[in-house]
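So the mapping is simple: my numbering equals the position in the sequence shown, first residue as 1, plus 11. First comes the structure, then the notes that go with it.
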Amino acid sequence: MKIIRSVRQMQSHCRILAANGKSIALVPTMGFLHEGHLSLIRKAGKLCDRVITSIFVNPTQFAANEDFSRYPRDEKSDLAKIKKAGGDVVFIPKAKDIYPDNFQTFVDVQKLTRTLEGNVRPGHFLAVATIVAKLFNITRPDVAIFGMKDYQQAIVLKQMTSDLNYPIRFVIAPTVREKDGLAMSSRNSYFTTEQRKEAVCLYRALRRAKVMASENISDLNAIRTDMERVIKSICPTAEIDYIAFTDFESLEPLMTIRKNCICSLAVRLFNVRLIDNMKLL
Ligand code: AMP
């Protein structure tokens, strides 16, 4: 497995792969890998000849009050996991190489980023779209794979891929969960064992919404109230950023449950902000 740390070298390696007729899949990550990430790498291996996994904790997508400096990192363990999952190349650029001194260009996906996470984290998607556009330009993949766990991010990046005419097949892979249903996330490592048990509240609330939707309850306020009750009963100190019901493609808010309705939520637990989502119908 090849480890590449320079942008130049990554570009020339991908040019050679393409010249030799090899298809390339890109899996962008921020490292501290878990089964969710590894499922993307395995899927990528089935779709292309070569899998490039990038590891870059992108500083610009964290606001000043967020967890950039304490974000978990473990390069050695990540490399072992990628190798086992069948990765071919790991791209680990330095921030200085990605954002040289005179850097001044950003990619702004407009409507889709003005809601949900974009509302609570202004500038976040501007940074995410920019770094992913850069990774696309550096690696020129045939396929790019993102997780449903960060569903708004996937929809935003899919739009960018189409709007900017990237010749890339955009794949969204399902969320991998722990046994109790908690969506795997590098941020779960922040919890103590006791706190971790309460983190299941997001999944339980989503399941409650799904059951209500399947019972033909279409009043979103009633569903939201029940979800809040579920969360508070499991984790009394939880602070709910939002519980939203939107159309899966457009992210437009819905007034009632209907086909393609997805529920997403963001909750702060013990100083850790988690997000999750579930398609209801
Ligand atoms: P991150 O390292 O958090 O930036 O995530 C890198 C990629 O892995 C993104 O496309 C995420 O959506 C995806 N991902 C993160 N957690 C999961 C999960 N539990 N299941 C599937 N994909 C995930």
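Ideal placement from N, C-alpha and C gives every residue a C-beta, glycine not left out.
Going along the chain, which unbroken runs of the beta strand (DSSP E) with 3 or more residues stay wholly within the region 61-119?
Runs of the beta strand (DSSP E) inside the region 61-119: 61-66 and 100-102.
Span separating the alpha-carbon of phenylalanine 281 from that of lysine 270:
Our two residues, phenylalanine 281 and lysine 270, have alpha carbons roughly 35 Å apart in a direct line.
Could you please give me the residues that DSSP links to cysteine 272 through a beta bridge?
DSSP lists Asp258 as the bridge partner or partners of cysteine 272.
Between serine 196 and the ligand MG, is there a pair consisting of the residue's CB and a ligand heavy atom that are separated by less than 7 Å?
The model depicted lacks the ligand MG and carries the ligand AMP instead.
Where does isoleucine 251 sit, in a helix, a strand or coil, going by DSSP?
Strand, per DSSP.
With hydrogens ignored, establish whether the beta-carbon of serine 50 is closer than 7 Å to any heavy atom of the ligand AMP.
If you check the C-beta of serine 50 against the ligand AMP, you find a heavy atom less than 7 Å away.
Considering only the beta carbon of each residue, do isoleucine 156 and alanine 36 sit closer than 8 Å?
Yes, Cβ-Cβ distance for isoleucine 156 and alanine 36 is below 8 Å.
Determine, using beta carbons only, whether isoleucine 179 and threonine 186 come nearer to each other than 8 Å.
Cβ distance not < 8 Å, so isoleucine 179 and threonine 186 don't count as in contact.
DSSP-derived helix/strand/coil call for glycine 129:
Helix at glycine 129.
Residue environment, glycine 47, which counts as buried when at least 16 other CB atoms sit within 10 Å
Glycine 47 should be labelled buried.
Taking the continuous alpha helix (DSSP H) assigned at valine 222, which residues delimit it?
Unbroken alpha helix (DSSP H) run through valine 222: 212-225.
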